[in-house]
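Colleague: Going by my numbering, the first residue of the sequence shown is number 55, and it counts up by one from there.
Before I ask anything, let me first share the structure, which is written out below as structure tokens.
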Amino acid sequence: MKKEEPRMRILFVSQTSPFREGGIETRSREVAIRMASAGHEIVYLCAKTKVDETPTESRDGITLFRKKILPDWLLKRLPFPNYFTLACANLFMGFHLVKLLRKESFDVIREEISPVPISSLLAFIGLPTRRIAIVHGLSVHFRDWRKLYGAFFGLYGYWMERCLRRGWFRYDRIMVPARWYAKELEASPPIAPMIDWIPNGVNLPEFVSAELRPPPVQIRKLVNIGRLVPNKGHIYLLQGFAEAKKAHPEITLTILGKGPLEACLRQEAKRLGLESSVEFLAYLPEKEIAPFYRRFDLLVMPSLLEGFNLVILEAMASGLPVLASDIPGFSDVLEGLDVPRFRAADSADLGAAISALVAEPQRVGRSIEAGWERVKKFDWQNAARRETQVLSGSETLEFRDPQTAGE
55 MKKEEPRMRI
65 LFVSQTSPFR
75 EGGIETRSRE
85 VAIRMASAGH
95 EIVYLCAKTK
105 VDETPTESRD
115 GITLFRKKIL
125 PDWLLKRLPF
135 PNYFTLACAN
145 LFMGFHLVKL
155 LRKESFDVIR
165 EEISPVPISS
175 LLAFIGLPTR
185 RIAIVHGLSV
195 HFRDWRKLYG
205 AFFGLYGYWM
215 ERCLRRGWFR
225 YDRIMVPARW
235 YAKELEASPP
245 IAPMIDWIPN
255 GVNLPEFVSA
265 ELRPPPVQIR
275 KLVNIGRLVP
285 NKGHIYLLQG
295 FAEAKKAHPE
305 ITLTILGKGP
315 LEACLRQEAK
325 RLGLESSVEF
335 LAYLPEKEIA
345 PFYRRFDLLV
355 MPSLLEGFNL
365 VILEAMASGL
375 PVLASDIPGF
385 SDVLEGLDVP
395 RFRAADSADL
405 GAAISALVAE
415 PQRVGRSIEA
425 GWERVKKFDW
435 QNAARRETQV
445 LSGSETLEFR
455 DPQTAGE
């Protein structure tokens, strides 16, 4: 008889609510829900990042505590994912963690590093409770930190990433969804034995229809999904789209997401004469995302840095063709597939890639079926099971690569 896993009381510590939009939030939500359904008690501690969020909430087996980090009048002006708000979350959540641990006890703490430890300087201090970090993929070079986060926040983030590599943080293990970044960290001897690569997943029943979606006979409607922040590369998307539109005036672009760059991107679209061809949409409720993918002919992802991108998985599960930049964060899923790629931060190459697919839409046909077969091997239940093993301190399995593993 299979030995039953002991039930645990698990504290998730993160910047934002798992019921908000975003890849990190989705990972936390899907894993936490499955752990709760397996009988574990899940408590979730995060920052209040919108003025209308309630201090406490219970949903899907998760008890959620949102802690105030900014007065509402300031939070309204600087909502998540503004970097100042993120910095305040990283600065103050450590205090809220200490207060909670004085009142309540947990078997294990699961703490996000995104892009730095949520508990800030508390990451350097040992706690009586077992503590596991999950890190989604960070810039390796200071020039990238500075480019994406500015001089001040970039220097802080770079320093914290160096501390992670040197083993100065007092975590028992480090979980990494992105294979490329897991390999980066495994090259650092002080933490190499602590790394567990656990890929993200996708809710296949939500995205996969009874029959595989047929290849598009034409590519007219382009879409991008992601926060409007520098690492997502939207400025290159607009510029590349403008170039492609010169040869193919019929194409349109929808950008789904919110963020501090929205005003700048709208202004750039206006400067490029794209106001009638580019649509900016706010995030949709979770239940509307799957049908949203099916409205389009091509997903374009111009990111400069990603950990393990969930949008790519969801699009492939929906049978939506993908065009992506050549960064490692996409290679985790796309490596070995016949999926068009373009050079990151190169609007001319992006525009040429769009034009080529619009002119020859049959080129994406092979990638749809191959992508659908690939994405079926990424499963949230498997991710939750593997995380549970790491959190409990039990012996972990040999994690198989979803690209090569069987069904």
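For each residue, glycine too, the CB sits at the ideal point set by N, CA and C.
Are GLN272 and LEU326 touching if we call contact CB-CB under 9 Å?
Modeller: Taking the first residue of the sequence shown as 1, we reach residue 272 at position 218. Taking the first residue of the sequence shown as 1, we reach residue 326 at position 272. Cβ atoms of GLN272 and LEU326: not closer than 9 Å.
Colleague: If we call anything under 9 Å between Cβ atoms a contact, is ARG81 one with ILE188?
Modeller: Residue 81 sits at position 27 when you count from the first residue of the sequence shown. Residue 188 sits at position 134 when you count from the first residue of the sequence shown. Contact: yes.
Colleague: To the nearest whole angstrom, what separates the beta carbons of PHE362 and PRO253, a pair I think is in contact under 8 Å?
Modeller: Walking along the sequence shown from the start, residue 362 turns up at place 308. Walking along the sequence shown from the start, residue 253 turns up at place 199. About 6 Å separates the two Cβ atoms, so the contact holds.
Colleague: Pull the bridge partners of ILE64 from the DSSP assignment, please.
Modeller: As a working note, residue 64 is residue 10 in the sequence shown. Answer is ILE96 and VAL162.
Colleague: From the DSSP output, read off the bridge partner residues of PRO171.
Modeller: Residue numbering aside, residue 171 sits at position 117 when the sequence shown is read from its first letter. ILE167.
Colleague: Run through the DSSP bridge pairs and tell me what ALA101 is partnered with.
Modeller: The residue given as residue 101 occupies position 47 in the sequence shown. DSSP output for ALA101 lists LYS121 as bridge partner(s).
Colleague: So the candidates are LEU151, VAL256, LEU328 and SER372; which of them puts its Cα closest to the Cα of LEU291?
Modeller: In the sequence shown, residue 291 corresponds to position 237, counting from 1. Among LEU151, VAL256, LEU328 and SER372, the Cα nearest to that of LEU291 belongs to LEU328.
Colleague: Is VAL271 helix, strand or coil when you go by DSSP?
Modeller: Translated into positions along the sequence shown, residue 271 becomes position 217. In this structure, VAL271 counts as coil in the three-state DSSP scheme.
Colleague: Give the C-beta separation of VAL283 and PRO135 to the nearest angstrom, bearing in mind that I take them to be a contact with Cβ-Cβ under 8 Å.
Modeller: Counted from its first residue, the sequence shown places residue 283 at position 229. Counted from its first residue, the sequence shown places residue 135 at position 81. Going by Cβ atoms, the distance from VAL283 to PRO135 rounds to 6 Å, so yes, they are a contact pair.
Colleague: Can you check DSSP and say which residues form a bridge with GLU333?
Modeller: Counting from 1 along the sequence shown, the entry for residue 333 is found at position 279. THR308.
Colleague: The ligand SAM and ASP433: does the residue's C-beta get closer than 8 Å to at least one heavy atom of that ligand?
Modeller: Among the components modelled here there is no ligand, and therefore nothing to report on the ligand SAM.
Colleague: Using a Cβ-Cβ cut-off of 7 Å (strictly less than) and excluding sequence neighbours within five positions of ALA241, which residues of its own chain qualify?
Modeller: Position 187 of the sequence shown, counted from the first residue, corresponds to residue 241. Closer than 7 Å at the Cβ level, and outside the excluded window around ALA241, lies no residue.
Colleague: Looking at C-alpha atoms only, which residue of TRP426, GLU423 and PRO356 is the closest neighbour of GLY405?
Modeller: By one-based count along the sequence shown, residue 405 stands at place 351. Nearest of TRP426, GLU423 and PRO356 to GLY405, Cα basis: PRO356.
Colleague: Spatial neighbours of TYR225 within its chain, please: C-beta separation below 6 Å, excluding the five flanking residues on both sides.
Modeller: Taking the sequence shown and counting its residues from 1, one reaches residue 225 at position 171. So the list reads ARG185 and ALA187, once near-sequence residues are dropped.
Colleague: Is there contact here, the stretch 302-315 with the stretch 433-440, by at least three beta-carbon pairs under 8 Å?
Modeller: No contact exists between the stretch 302-315 and the stretch 433-440.
Colleague: From what residue to what residue does the alpha helix (DSSP H) around VAL412 run?
Modeller: Position 358 of the sequence shown, counted from the start, is the residue given in the question as residue 412. First-last of the alpha helix (DSSP H) with VAL412: 401-413.
Colleague: Would you mind stating whether ASP250 and ILE279 have Cβ atoms separated by less than 9 Å?
Modeller: Position 196 of the sequence shown, counting from 1, holds the residue named residue 250. Position 225 of the sequence shown, counting from 1, holds the residue named residue 279. No, these two residues do not count as a Cβ contact at 9 Å.
Colleague: Can you find the residues in the same chain that come closer than 7 Å, C-beta to C-beta, to LEU145, ignoring five residues on each side of it along the sequence?
Modeller: Counting from one through the sequence shown, the residue named residue 145 turns up at place 91. For LEU145, where only same-chain residues beyond five positions count, the Cβ hits under 7 Å are SER174.
Colleague: PHE432 and VAL256 - do their beta-carbons sit closer together than 9 Å?
Modeller: Taking the first residue of the sequence shown as 1, we reach residue 256 at position 202. Taking the first residue of the sequence shown as 1, we reach residue 432 at position 378. Result yes, Cβ atoms of VAL256 and PHE432 sit closer than 9 Å.
Colleague: My output table needs one value for THR70: the three-state DSSP class, helix, strand or coil.
Modeller: Counting from 1 along the sequence shown, the entry for residue 70 is found at position 16. Of the three classes helix, strand and coil, the one that applies to THR70 here is coil, per DSSP.
Colleague: Let me confirm a value: ILE179 is counted as buried when at least 16 other C-beta atoms fall within 10 Å, else exposed. Which label applies?
Modeller: Residue 179 sits at position 125 when you count from the first residue of the sequence shown. Classification of ILE179: exposed, given that the 10 Å Cβ count is below 16.
Colleague: Quick check: the stretch 228-239 against the stretch 204-212, are there 3 or more CB pairs under 8 Å?
Modeller: No, the stretch 228-239 does not touch the stretch 204-212.
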